[in-house]
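Structure, as structure tokens:
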Amino acid sequence: MWATCRSLYRENQAQLDHIDKLEEAYVACEAIKYYTGNSCLSRTVNQACHSENMRQIFEFRVYISHLHKQLVEYHEQNNKDELTSCIRLLYRGKPLSGSVLQQLIDNEGKLISMNGFLSTTVDSQVASSFHGDDQASKDSIGYKPVLFTLEIDTKIKQPYAYIATCSTKPDELEVLFSLGTIWRIKSIEVTKDLCTIELTSCNECDSQSTELLNTYTKHGCNLSSIGDILLKLGDDDEAE
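Take my numbering: the final residue in the sequence shown is number 240, and no numbers are missing along the way.
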């Protein structure tokens, strides 16, 4: 994992120094803190997940496991504190390219899964500061400010947690979702200045890859089992 980070930032001495310090101080119980901080881990992990390249994802398996486990622990604590039942509507702001936005429009009413861990907030104003409605984003040709509103079914299987108490940015009032959360695109409204996309969480999923991964993660996942999964999905080159 650390070797991969160093390779990605090999021309950035400041980041290389940061990686050295992070590796030396790393402890599993602070996985959320690393994710919310100014750390290369959150960027590289989500880049790997977005690539859907199993080799890249496997490089970060330890950190992904630690972050997922801590989200499970916080989710259980949220349940005990009856906080989960209070979280029913969340927000996420993000500028999207025209091509990605069109894909979402074309799939309105269908299911999607966000690759990577998903950061949201309980405060719509916080989300608005991220959706790109500023001059710098407007100067990015082809990008549209997007505000996601996310309706939460508290019975969904994938863990999520309110993490402001352990975040390096508590003012963001963040709720973080683990990998594989499934959403239905309920509605999309496009205006001149902003696109609003309404998502609802659900437990539905017809993904063969998710079924296979669920089977293997019950027993742990190593190089052999990942190769087996890739073979069943037809990716012979990656399996080798």
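Beta carbons are placed, not taken as given, at the ideal position from N, Cα and C, and that holds for glycine.
Here the structure is a predicted model, which is why all the values come from computation and not from measurement.
In chain order, Phe177, Ser178, Gly180, Thr181 place their CB closer than 7 Å to the CB of Gln158, counting only its own chain and leaving out the 5 sequence neighbours on each side.
Comparing alpha-carbon positions, the option among Cys86, Ser51, Ser97, Thr44 lying closest to Leu194 turns out to be Ser97.
In this structure, Glu59 sits near Met1, with a CB-CB distance shorter than 8 Å. The residues Gln56, Ile57, Phe60, in chain order, have a CB closer than 6 Å to that of Ala48 in the same chain once the five nearest residues on each side in sequence are set aside. The DSSP assignment places 89 to 97 as complete runs of the beta strand (DSSP E) inside the stretch 46 to 105, in order along the chain (cut-off: 3 residues). Short of 8 Å from the beta carbon of Arg88, and not among the five residues preceding or following it, lie these beta carbons of its own chain, in chain order: Glu151, Ile152, Thr154.
Taking C-alpha positions only, Val62 is separated from Ser167 by approximately 20 Å. Within the same chain, Ala127, Ser128, Phe130, His131, Leu147 come within 6 Å of Gly93 by CB-CB distance, once the 5 residues on both sides are set aside. Here DSSP, grouped into helix, strand and coil, assigns Lys144 to strand. Here Val27 is exposed. Its C-beta has fewer than 16 other C-beta atoms within 10 Å.
The Cβ-Cβ distance between Leu104 and Ile156 does not fall below 8 Å.
Rounded to the nearest whole angstrom, the C-alpha separation of Ala161 and Asp20 is 29 Å.
Looking at the backbone, the Cα of Leu67 and that of Cys29 are separated by about 8 Å. At a Cβ-Cβ threshold of 8 Å, Thr84 and Thr149 do not count as neighbours. In the three-state DSSP reduction, Ser7 falls in the helix class (H, G or I). Separation of His50 and Cys40 (C-alpha to C-alpha, rounded to the nearest whole angstrom) is 15 Å.
For the options Cys202, Leu199, Val175, Lys144, the alpha carbon positioned closest to that of Thr191 is the one of Lys144.
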